[in-house]
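Working notes, structure below.
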Amino acid sequence: MTPSPSPTDVPDLPAIAGYYSQLAAVLAGFGFAGVVGLVTTQLTARNATTTVVRSLGPLVSAFIGLVAASLDYALVTGEPVGSARVASLQTVAGMGFSIAGAMLICAIYILLCDLQEDAPLSRSLSIAAIRFMRTIIVSYLPTVLVLLMWSGLRDHLEQRQGDKAFYGWPDWVAIAALVATLLAACLLRLFFRRAPSGRFDTVTRVARLATQLSFASLLGSSALIRFTETNTSVPAGVPVTALVLVAAFALLTASSASRYFSEGGSPRTTAAVDAAAVPDEVPPTVTPSEGGGRRPLQPLHPGILRDRSIEIFPQGYLMNISIIQGVALSVLIVETVRTLTREDSPLPLVPTLAQSSLTLACLVIVSYEYLWFSTIMRWTPTFRDTAIPVVLGVGEIVPPLLLGNPRAWWIATAVFALLGAVAFLNTVTRLEPEMFPRSRQAYTRIRGLLVTLAVTCVATAALAAVIAYLVGPVLSTIGALVVLFTSVVFVVGRSERVLNDVYDDHGVDRRPPMFERLRGVESRVRERLGAAPPLVSGGDGSRPTHPSAPEPPGA
Numbered sequence: 086m087t088p089s090p091s092p093t094d095v096p097d098l099p100a101i102a103g104y105y106s107q108l109a110a111v112l113a114g115f116g117f118a119g120v121v122g123l124v125t126t127q128l129t130a131r132n133a134t135t136t137v138v139r140s141l142g143p144l145v146s147a148f149i150g151l152v153a154a155s156l157d158y159a160l161v162t163g164e165p166v167g168s169a170r171v172a173s174l175q176t177v178a179g180m181g182f183s184i185a186g187a188m189l190i191c192a193i194y195i196l197l198c199d200l201q202e203d204a205p206l207s208r209s210l211s212i213a214a215i216r217f218m219r220t221i222i223v224s225y226l227p228t229v230l231v232l233l234m235w236s237g238l239r240d241h242l243e244q245r246q247g248d249k250a251f252y253g254w255p256d257w258v259a260i261a262a263l264v265a266t267l268l269a270a271c272l273l274r275l276f277f278r279r280a281p282s283g284r285f286d287t288v289t290r291v292a293r294l295a296t297q298l299s300f301a302s303l304l305g306s307s308a309l310i311r312f313t314e315t316n317t318s319v320p321a322g323v324p325v326t327a328l329v330l331v332a333a334f335a336l337l338t339a340s341s342a343s344r345y346f347s348e349g350g351s352p353r354t355t356a357a358v359d360a361a362a363v364p365d366e367v368p369p370t371v372t373p374s375e376g377g378g379r380r381p382l383q384p385l386h387p388g389i390l391r392d393r394s395i396e397i398f399p400q401g402y403l404m405n406i407s408i409i410q411g412v413a414l415s416v417l418i419v420e421t422v423r424t425l426t427r428e429d430s431p432l433p434l435v436p437t438l439a440q441s442s443l444t445l446a447c448l449v450i451v452s453y454e455y456l457w458f459s460t461i462m463r464w465t466p467t468f469r470d471t472a473i474p475v476v477l478g479v480g481e482i483v484p485p486l487l488l489g490n491p492r493a494w495w496i497a498t499a500v501f502a503l504l505g506a507v508a509f510l511n512t513v514t515r516l517e518p519e520m521f522p523r524s525r526q527a528y529t530r531i532r533g534l535l536v537t538l539a540v541t542c543v544a545t546a547a548l549a550a551v552i553a554y555l556v557g558p559v560l561s562t563i564g565a566l567v568v569l570f571t572s573v574v575f576v577v578g579r580s581e582r583v584l585n586d587v588y589d590d591h592g593v594d595r596r597p598p599m600f601e602r603l604r605g606v607e608s609r610v611r612e613r614l615g616a617a618p619p620l621v622s623g624g625d626g627s628r629p630t631h632p633s634a635p636e637p638p639g640a
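The sequence shown begins at 86 in my numbering and counts up by one.
Structure, rendered in C-alpha cells:
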C-alpha cells in the first residue's frame, strides 16, 4: 500500500474549508434578505401578489441549507492539516453547499418566472433574465457541481492512495455522472418550447429534498468527526455517495426548471398578459409622442411621488438590514463554532458563549428597533438613510470575527454601540410633531425613547472600553452578561412600554391575547386578596386612575 503523503505535501484543506464557510455565510445572508424582502413587499404594497410568494419556500430552503453548509465547513476547519479524513469531510460538506447553492439559484429563477405573471408590464424586461437563468440551471449548473464534487473526491483518493493518475471505480462513477449531466442538458432543452407542466408542486418537493439533503450532509460530517479518529481512513464510498446525490439533485433541479416556464406561453402569459400590458385609461398627464412612440409606465406627479416614498421607505430600510443581519448571523454562528472547537482557543467556554450571546442579542435588537420605527414613522429617504444602516451593519459583523481576541472584541463592541447611538440620534433629527397629529404626547414619548436609547448606547460603549482596558476571562464574562441583561431588559422593555402607550393613544392594541388573559388573572387575584384594583391609563394620555374612582368636579 502506498504510504499517505505528509502534511507538507497536501493542500491546507481546513483553511480552504474556512473560505467556503464564509462564502456560504454570505450567500445565506442574501437568501435571508430575499425572504425578508418578499414578506415586506407583501405587507407594505397596496396590491399584494399571489404568485411571487411561491418562491418563498425555495428561498427559505436555500437559506437553511447555506447556514447548515457554513456550519458544516466550520467543523472541517478544526481538522489537522493532512489528516486522513479531512478530504472526506470537505467532500461531504461540499454536498450540502452544492445543493443549497443550486437551490438559491433555482429560487431566483422561480421568482423571475412568477414575477412576469403577477406583473405583466415587466414581462418584456424579465424574459431575457429568465432565459439566462434557465440556461445556467439546465446546461451548466449540473456539470459544474459534478466537477466540484469530483475534485473533492480526487483529494480524498490522493490522501488515501498517493499520487496516481487514475484510481479505478470512483473515477468511473464520477465520469458517468458527468456524462449523464451533459446528456440531460441536451435532452432537457427540448422542454423549452413546450407548455409548462408540473410547475409548483415539483418545485416544492425539490425544496423539501434540498433541506433534507443539507441536514444529511451536516449530520454525516458530524458523525464522521464523532465516531472516527483523525487518522482513520474513510472508505471511498462516502465521497462517491455524496457526488452521486449532488448529480441526481442537480438533474432533478434542471428538470423542474426546464418545465417551469415556457417561451411559447400559457393561458396566463398570452392574451391575459397582452391585455394587461395596455392600460384601459391613459392618465390625463400623459400625451402620446408623435409617431406612436412608447408611453411612460407611470408619469411622476406629487401624489405618485408621495406613494412611492411611503412604499419604498420601509422596504429599503428593511432590505438593507435583512441583508446585513443575515450575513452577521451566519458569521456569528461560524465563528462561535470555530472558536469553541479550536484546541488552542484563547478563550474558555463560558466567556465565548457569553460574548456570542451578547452579539446575538445586539442583532435581534437592531432588527427590532428598525422594524418598529419604520412602522411608526416615514420620511423622504436621503443618503444617510442608506449609509447609516450599512455602517451599523459593518459594526455588527466585526465583533463575531474577533471572538478569539477578547480585547479587540470589546473594542469592536464599543464602536458598534457608538454607531448605534448615531443611528438613534439620526432618527431624532428626522422626527417631527406633525408625524403624530392626533397625539402630541406620542411625539414626546418617541423622542424621549430615542434619546434614552442613544444615551444607553454611549454608556454601553464606555463600559465596553473599560472592560477592554481591564480585560480578563472573569471580567469579560461578567461584563458580557451585564450588558446582555441591560440590553434585553432595559432597551427592549423600555421600547415596548413606550410603543404600547403610543398604540393606545391611537386606539390600537398591540398586546397579544395571552397578555390580556394574564391581566385578567391578575385582576381576579387582586380581588380575592382584597387588594386595590390596578391603575388604568386613559386613552388620551391622562394620569392613571382607579377604575372605580369618582370623576373630578367639572368632568
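Beta carbons: idealized from backbone N, C-alpha and C, even for Gly.
Predicted model only: the values in this text are computed from it and were never measured.
{"Item": "Contacts around Ser-441, its chain only, beta-carbon distance under 6 Å, and the 5 residues preceding and following it disregarded", "Value": "Thr-421"}
{"Item": "Minimum C-alpha distance to Val-152 - residue among Leu-189, Leu-123 and Leu-174", "Value": "Leu-189"}
{"Item": "7 Å Cβ shell around Pro-318 - same chain, five flanking residues per side excluded", "Value": "It is worth fixing the name first, because residue 318 is Ser in this sequence and not Pro. Contacts found: Ala-169 and Arg-245."}
{"Item": "Per-residue DSSP class, three states only, for Thr-317", "Value": "coil"}
{"Item": "Helix, strand or coil at Trp-464 according to DSSP, with G and I counted as helix", "Value": "coil"}
{"Item": "Buried versus exposed call for Ser-236 [16 or more other C-beta atoms within 10 Å across all chains shown]", "Value": "exposed"}
{"Item": "Backbone secondary structure at Ala-361 - three-state DSSP", "Value": "For Ala-361, the pLDDT reaches just 40, beneath the cut-off of 50, and the residue's location in the model is therefore unreliable, although a value from the coordinates is still provided. Helix, per DSSP."}
{"Item": "C-beta atoms of Trp-464 and Ala-549 nearer than 7 Å", "Value": "no"}
{"Item": "The region 318-327 touching the region 212-226, judged by at least three CB pairs closer than 8 Å", "Value": "no"}
{"Item": "Assigned exposure category for Pro-619 - 16 Cβ within 10 Å defines buried", "Value": "At Pro-619 the pLDDT is 48, less than 50, meaning the model places this residue with poor confidence; the figure from the coordinates comes in the next sentence. By the 10 Å Cβ count, Pro-619 comes out exposed."}
{"Item": "Nearest candidate by alpha-carbon position, reference Gly-186, set Val-161, Leu-226 and Tyr-158", "Value": "Leu-226"}
{"Item": "Where Glu-612 falls, given that 16 or more other Cβ within 10 Å makes a residue buried", "Value": "exposed"}
{"Item": "Short Cβ contact (7 Å threshold) for Ser-415 with Ala-110", "Value": "yes"}
{"Item": "Bounding residues of the alpha helix (DSSP H) (the contiguous stretch that carries Ser-168)", "Value": "Looking at the DSSP string, Ser-168 is not in any alpha helix (DSSP H), and its letter there is neither H nor E."}
{"Item": "Collapsed DSSP secondary structure at Gly-253 in the structure displayed", "Value": "coil"}
{"Item": "Beta-carbon contacts of Phe-458 that lie in its chain and below 7 Å, excluding the five residues immediately before and after", "Value": "Thr-512"}
{"Item": "The region 510-529 in contact with the region 486-493 per 3-pair CB rule at 8 Å", "Value": "no"}
{"Item": "DSSP-derived helix/strand/coil call for Asp-470", "Value": "helix"}
{"Item": "Nearest-angstrom beta carbon gap, Leu-503 and Ala-546 [assumed within contact, 8 Å]", "Value": "5 Å"}
{"Item": "Spatial distance of Gly-181 from Ala-159 (CA atoms)", "Value": "13 Å"}
{"Item": "Residues of its chain near Gly-119, where Cβ-Cβ distance is below 6 Å and the 5 sequence neighbours each way are ignored", "Value": "Leu-144"}
{"Item": "Whether Asn-405 touches Pro-474 by CB criterion (7 Å)", "Value": "yes"}
{"Item": "Nearest-angstrom beta carbon gap, Thr-426 and Gly-163 [assumed within contact, 8 Å]", "Value": "4 Å"}
{"Item": "Cut-off 6 Å between Cβ atoms - residues of its own chain near Val-583, not counting five sequence neighbours on either side", "Value": "Arg-530 and Leu-534"}
{"Item": "Pairwise C-alpha distance: Ala-154 and Tyr-104", "Value": "12 Å"}
{"Item": "Reduced DSSP secondary structure (H/G/I, E/B, other) of His-241", "Value": "helix"}
{"Item": "Own chain partners of Ser-183 with C-beta closer than 7 Å, once the 5 adjacent residues on each side are dropped", "Value": "Leu-230, Leu-233, Met-234 and Val-331"}
{"Item": "Closest residue to Val-171 among Ser-306, Leu-275, Arg-523 and Ala-261 (Cα-Cα distance)", "Value": "Ser-306"}
{"Item": "Boundaries (first-last residue) of the alpha helix (DSSP H) holding Asp-97", "Value": "No alpha helix (DSSP H) holds Asp-97; DSSP gives it neither H nor E."}
{"Item": "Minimum C-alpha distance to Val-551 - residue among Ala-539, Val-568, Gly-167 and Thr-537", "Value": "Val-568"}
{"Item": "Same chain, Cβ closer than 8 Å to Ile-482, five either side skipped, listed in chain order", "Value": "Ile-409, Val-412, Ala-413 and Val-416"}
{"Item": "Close-in-space but distant-in-sequence residues of the same chain around Leu-336 (CB under 8 Å, 5 per side omitted)", "Value": "Pro-227, Ala-265, Thr-266 and Ala-269"}
{"Item": "Contact under 7 Å by Cβ, Thr-424 with Thr-437", "Value": "yes"}
{"Item": "Beta-carbon contacts of Arg-523 that lie in its chain and below 8 Å, excluding the five residues immediately before and after", "Value": "Asp-590 and His-591"}
{"Item": "Residue range of the unbroken alpha helix (DSSP H) whose run includes Leu-535", "Value": "525-554"}
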